[in-house]
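Residue numbers (UniProt numbering): 1 to 554.
Shown next, in the form of structure tokens:
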């Protein structure tokens, strides 16, 4: 086994990040220029300029499969294994398409359709391509070739070389067409994505109507056994070569039927979330992987995607139902995240922090946990030790009242900047605790506990070096560079929390909001009480439970 990564273990353009598609820019510009600047219509070659639309269609095709795969595997029904889909091969293929066109004179001015070319491609794929791929794939899994050096290098190049056999053959025989190229590439993408989609979608009745089809078309469960059993099911898309050379996994049919019958998982904990902005739909796990794996931030190219964004707004408005976006495992607890396709949630005055819902459905067996107690605990433990006074500013909520009460009971002075907030807080405190609540017109405190409604003007009045600690689910808009801003109440998850491949809103990777973690702790500890309405768990008890389960403060 090699000690250093080999050639093409990582794509050369990985360092470019989201700008990786710029490697195709010179070819795109050249094809566009030559097409539109040619004075003679006969010199214009639609085959050259159509390479870009073909690549874009492949990206869209892959994205559809990614979203569908993640949605179905999050639900859990028909799931097989977990495997991601990457689009770097599209860039690699795009470079080879452009270079091949420029080097081969025979590839110029292809017709839109030729039936004989399509037949030739079909025969060559089922024959030489499938046969050669089987033996090459089997050879690559030999212990000598299966290494970080040879295997990735050979896999990427040989994959394209084999698929180019039918294409080059039709080019050199003069039977190539734009339709045959596009259809063959789409077929390859479809079969490849289907084989790695992680759920079984081929109905059993298809094989009942035409039994020989199982030799000419694989299923997702069939291909998954190659990844789990390693030295079985080597075939590309047609299993007949595994049947011929006796490398068929004996459990292929059993796994196929088992996957079809598998029902959706029943989770132990469901975290309800909702869209925050129209662009936030792209940051869901079902959206773009490159965006979902990073904290939610506004990006300039979102403006270019407004037609798609507007379409998604219409869909969420019409559909209006929750959908599963993520599935996790923590110890023996099954977790799911459900998204509500709305951009606002009901306020406390409308549902009394969920208490009204329980009154309407008294027979509910599930427990409703709003996570307020853990959010309070995180905020309290984020305040620097030795702090004697803080400023509390923002929309008053259940969490804000609890924080003020806890601080006042500990002898820490809580200052408010608005008389209305002072009156409302004072009404919630005991007489003894209220002695530590003051209405202040000064901004000398360097510890601010802030919620929704904090203005930029108020931030500018805070002294230099002020620490802003949010107690709300939405972070304040940062107006100062000489101050410090904490994340919204959140904690770092343990390493054994599985399937964490996306960020929760604006939080970093593997960091969860206190409201979300609270539900997990509730299930782990087996607590039987609801936490909604005015009900609050014991703050110290909840904090201790989070530490016991190795959840760290952020």
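Ideal Cβ positions, reconstructed from N, Cα and C, are used throughout, including at glycine.
Going by DSSP, name the residue or residues bridged to residue 513.
As a working note, residue 513 is residue 513 in the chain shown. 490.
Which word fits residue 360, buried or exposed, when buried means at least 16 other C-beta atoms lie within 10 angstroms of its C-beta?
For the purposes of this step, residue 360 is identified with residue 360 of the chain shown, where counting begins at 1. Exposed is the call here.
Count the other C-beta atoms from every protein chain shown that fall within 10 angstroms of the C-beta of residue 438, then say buried if there are 16 or more, exposed otherwise.
Along the chain shown, one-based indexing puts residue 438 at 438. Per the 10 Å Cβ criterion, exposed.
Using 8 Å as the cut-off, can you tell me whether the segment 474 to 484 makes contact with the segment 360 to 371, which would need three or more C-beta pairs spanning the two stretches below that distance?
No, they do not touch.
Once the 5 residues before and after residue 340 are set aside, which same chain residues still bring their CB inside 8 Å of it?
Here the question's residue 340 lines up with position 340 in the chain shown. Within the same chain, residue 340 has close Cβ partners 272, 273, 274, 275, 322.
Can you tell me which of 402, 434, 473, 534 puts its alpha carbon nearest to the alpha carbon of residue 380?
Residue mapping note: residue 380 aligns to position 380 of the chain shown, counting from 1. Nearest of 402, 434, 473, 534 to residue 380, Cα basis: 402.
Quick check on residue 529 - is its C-beta less than 8 Å from some C-beta in chain D?
The structure shown contains no chain D; it is built from a single protein chain.
Apart from the five residues on each side of it in sequence, which residues of its chain come closer than 7 Å, Cβ to Cβ, to residue 180?
Along the chain shown, one-based indexing puts residue 180 at 180. Cβ within range, chain order: 114, 117, 118, 121, 170.
Rounded to whole angstroms, what is the Cα-Cα separation between residue 300 and residue 59?
Taking the chain shown and counting its residues from 1, the one referred to as residue 300 is at position 300. Taking the chain shown and counting its residues from 1, the one referred to as residue 59 is at position 59. Rounded to the nearest angstrom, the two C-alpha atoms are 20 Å apart.
Taking the alpha carbon of residue 307 as the reference point, which residue from 452, 278, 332 has its own alpha carbon closest?
Position 307 of the chain shown, counted from the first residue, corresponds to residue 307. Each of 452, 278, 332 was checked against the Cα of residue 307, and the nearest Cα belongs to 278.
Could you spell out where the alpha helix (DSSP H) holding residue 92 opens and where it closes?
Along the chain shown, read from residue 1 onward, the residue named residue 92 stands at position 92. Boundaries of the alpha helix (DSSP H) around residue 92: 88 to 103.
If you reduce the DSSP assignment to three classes, tell me which class residue 339 lands in.
Taking the chain shown and counting its residues from 1, the one referred to as residue 339 is at position 339. Of the three classes helix, strand and coil, the one that applies to residue 339 here is strand, per DSSP.
Hey, quick one: how far does the beta strand (DSSP E) through residue 191 stretch, first residue to last?
Residue mapping note: residue 191 aligns to position 191 of the chain shown, counting from 1. It is not in any beta strand (DSSP E) - residue 191 instead sits in the alpha helix (DSSP H) that spans 178 to 195.
Compute the Euclidean distance between the alpha carbons of residue 508 and residue 289, then round it to the nearest angstrom.
Counting from one through the chain shown, the residue named residue 508 turns up at place 508. Counting from one through the chain shown, the residue named residue 289 turns up at place 289. Each residue's Cα considered, the two are about 15 Å apart.
Can you tell me where the beta strand (DSSP E) with residue 54 in it begins and where it stops?
Taking the first residue of the chain shown as 1, we reach residue 54 at position 54. Here residue 54 belongs to no beta strand (DSSP E); instead the alpha helix (DSSP H) covers 51 to 75.
Compute the Euclidean distance between the alpha carbons of residue 174 and residue 191, then round it to the nearest angstrom.
Numbered from its first residue, the chain shown carries residue 174 at position 174. Numbered from its first residue, the chain shown carries residue 191 at position 191. Taking the straight line joining both Cα atoms gives about 27 Å.
Between the Cα of residue 577 and those of 131, 207, 296, spot the shortest distance and give me the residue it belongs to.
With the chain covering only 1 through 554, there is no way to say anything about residue 577.
DSSP on residue 415, reduced to helix/strand/coil?
On the chain shown, residue 415 is found 415 positions in, with the first residue counted as 1. Looking at residue 415 - three-state DSSP - the assignment turns out to be strand.
Count the other CB atoms within 10 Å of the CB of residue 462; is the residue buried (16 or more) or exposed (fewer)?
Here residue 462 refers to the residue found at position 462 of the chain shown. Classification for residue 462: buried.
Would you call the CB atoms of residue 48 and residue 134 closer than 8 Å?
Taking the first residue of the chain shown as position 1, residue 48 is located at position 48. Taking the first residue of the chain shown as position 1, residue 134 is located at position 134. Their beta carbons are not under 8 Å apart, which means residue 48 does not touch residue 134 by this criterion.
Measure the C-alpha to C-alpha separation of residue 494 and residue 518 and round it to an integer number of angstroms.
Position 494 of the chain shown, counted from the start, is the residue given in the question as residue 494. Position 518 of the chain shown, counted from the start, is the residue given in the question as residue 518. Cα-Cα distance, rounded: 14 Å.
With H, G and I counted as helix, E and B as strand and the rest as coil, what does DSSP make of residue 361?
Along the chain shown, one-based indexing puts residue 361 at 361. Coil.
Whole angstroms is fine: what's the gap from residue 105's alpha carbon to residue 22's?
As a first step, residue 105 is located in the chain shown; it is residue number 105 there, counting from the start. As a first step, residue 22 is located in the chain shown; it is residue number 22 there, counting from the start. Roughly 26 Å between the two C-alpha positions.
Is the segment 467 to 474 close to the segment 380 to 400, with three or more CB pairs under 8 Å?
Short answer: they touch.
Please classify residue 267 as buried or exposed, where buried requires at least 16 neighbouring CB atoms within 10 angstroms.
Stepping through the chain shown from its first residue, residue 267 is reached at position 267. By the 10 Å Cβ count, residue 267 comes out buried.
Looking at C-beta atoms only, is the number of pairs between the segment 192 to 203 and the segment 220 to 234 that lie closer than 8 Å three or more?
yes
According to DSSP, is residue 37 part of a helix, a strand, or is it coil?
In the chain shown, the residue the question calls residue 37 occupies position 37. Note: residue 37 maps to helix in three-state DSSP.
In this structure, how does DSSP classify residue 233 when only helix, strand and coil are distinguished?
Start at 1 with the first residue of the chain shown, and residue 233 comes out as number 233. It is coil, neither helix nor strand.
What separation, rounded to the nearest whole angstrom, lies between the Cα atoms of residue 354 and residue 160?
Position 354 of the chain shown holds residue 354. Position 160 of the chain shown holds residue 160. The straight-line gap from Cα to Cα measures roughly 56 Å.
For a quick check, are the C-beta atoms of residue 464 and residue 482 less than 8 Å apart?
For the purposes of this step, residue 464 is taken as the residue at position 464 of the chain shown. For the purposes of this step, residue 482 is taken as the residue at position 482 of the chain shown. Yes, the Cβ-Cβ distance between residue 464 and residue 482 is below 8 Å.
Quick test of your reading: residue 498 and residue 329, contact by CB under 8 Å. State the CB separation rounded to the nearest angstrom.
Counting from 1 along the chain shown, the entry for residue 498 is found at position 498. Counting from 1 along the chain shown, the entry for residue 329 is found at position 329. Right, the Cβ-Cβ distance comes to about 4 Å (below 8 Å), so this counts as a contact.
Please determine, among 332, 409, 386, the residue with the shortest C-alpha to C-alpha distance to residue 549.
For the purposes of this step, residue 549 is taken as the residue at position 549 of the chain shown. Ranked by how close their Cα comes to the Cα of residue 549, the residues 332, 409, 386 have 332 in first place.
By Cβ distance, which residues of its chain are closer than 7 Å to residue 414, with the 5 residues on each side in sequence left out?
The residue labelled residue 414 in the question sits at position 414 within the chain shown. In chain order, 390, 392, 404, 407, 408, 436, 437 place their CB closer than 7 Å to the CB of residue 414, counting only its own chain and leaving out the 5 sequence neighbours on each side.
Give the secondary structure of residue 328 by DSSP, where H, G and I count as helix, E and B as strand, and everything else as coil.
Within the chain shown, residue 328 is the residue found at index 328, counting from 1. DSSP places residue 328 in strand when its eight states are reduced to three.
Could you tell me how far apart the beta carbons of residue 510 and residue 492 are, in whole angstroms, since I believe they sit closer than 8 Å?
Against the chain shown, residue 510 aligns to sequence position 510. Against the chain shown, residue 492 aligns to sequence position 492. Between residue 492 and residue 510 the Cβ distance is about 6 Å, and since that is below 8 Å, they are a contact.
Kindly indicate which three-state DSSP category residue 583 falls into: helix, strand or coil?
Residue 583 falls outside the range modelled here, since the chain spans only 1 to 554, and no answer is possible.
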